[in-house]
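Notes follow once the structure below has been shown.
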Amino acid sequence: MGQPHFIVFANEKGGTGKSTTAVHTAVALAASGHRVGALDLDQRQRTMTRYLDNRATSIKRLDVALPQPTFKVLEQQDDAGLAAAIDRLSANADVIVIDTPGRDDPVARAAILRADTLVTPMNDSFVDLDLIGQVDPDSFKVTKPSFYAELIWNSRTQRARDTGKSVDWVVLRNRLQHIDSHNLRRVGAALDELARRVGFRVIPGLGERVIYRELFPKGLTLLDLAQLGEVGLGHIAARQELREMVAGLAVPTLAEARQEAVAAVA
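In the working numbering, the protein residues as written are 535 to 800.
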């Protein structure tokens, strides 16, 4: 009934934790009861696909029932291929999580046009901030939005014109250090200023923790503590970060999604 809620993870810079965050979000939503489809647009690197493949292997090897999205990689890299892949996933999904490649290409732009929630992960640095806004080198005040902010603005405008729907653009501050610093405050202030000018929300993402790199080979997430062996306070804190991040995305609950679907049919 109705269309799934589309969450699109997009950033043209690499190394922002985009695919890791997308996988953790997809698994967390599946754990909450959503039927989740995951679509990997990066036909070459396939980070999301490899992660979920590893997860499927662990589920079989450990003989445990873990929340697992339905997933596929986009083989046909054009609008028709994207539409067909989404149609297949939509048949059994309340939410579809799309991981775009770390570059600008036509298929990524087409995916962004479908976003109900658009997530742009970024590291806590002015190098990453430059993607969406330029700052004065002395005052660190924002001077103007950058090309990517303009791209998203145009995409949101087109979506509103074509569908009448708005896009919730979320900038996710990933790999935050756990100590205060001048850089942390300056980047935060610049993001807040840009958010007012461009129209996005800023929420905290996943912190800088080694555990995220160690989870990939087994395809596990921080919600799978029972399968991680020895668990410390750092794991508990990281799991709480994940839960707060997913809550911050404000994805409609199952009840809300069903109400929207009924309204759309009516």
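Even for Gly, the Cβ is constructed at its ideal location relative to N, Cα and C.
Report the rounded CA-to-CA distance for L802 versus Q774, giving the unit in angstroms. Outside the displayed span of the chain (535 to 800) sits residue 802, for which this structure offers no information.
Ignore the nearest five residues each way along the sequence and tell me which others in A511's own chain have a CB closer than 6 Å to its CB. Residue 511 lies beyond the range of the chain shown here (535 to 800); nothing can be said about it.
One question on the structure: do V704 and A649 come within less than 8 Å of each other, judged by their Cβ atoms? no
On the criterion of 16 or more Cβ atoms from any shown chain inside 10 Å, does G549 qualify as buried, or is it exposed? exposed
Compute the beta-carbon to beta-carbon distance between R569 and N626, rounded to the nearest angstrom, for a pair I have assumed lies under 8 Å. 6 Å
Taking one C-beta from the segment 561 to 580 and one from the segment 737 to 745 each time, how about it: are there three or more such pairs within less than 8 Å? no
From the DSSP output, in three-state form, read off K606 for me. strand
I want to know whether the segment 723 to 736 touches the segment 663 to 674 - three or more CB-CB distances under 8 Å. yes
For D662 and L600, the rounded distance between their alpha carbons: 34 Å
Within 8 Å, strictly: CB atoms of L608 and V561: no
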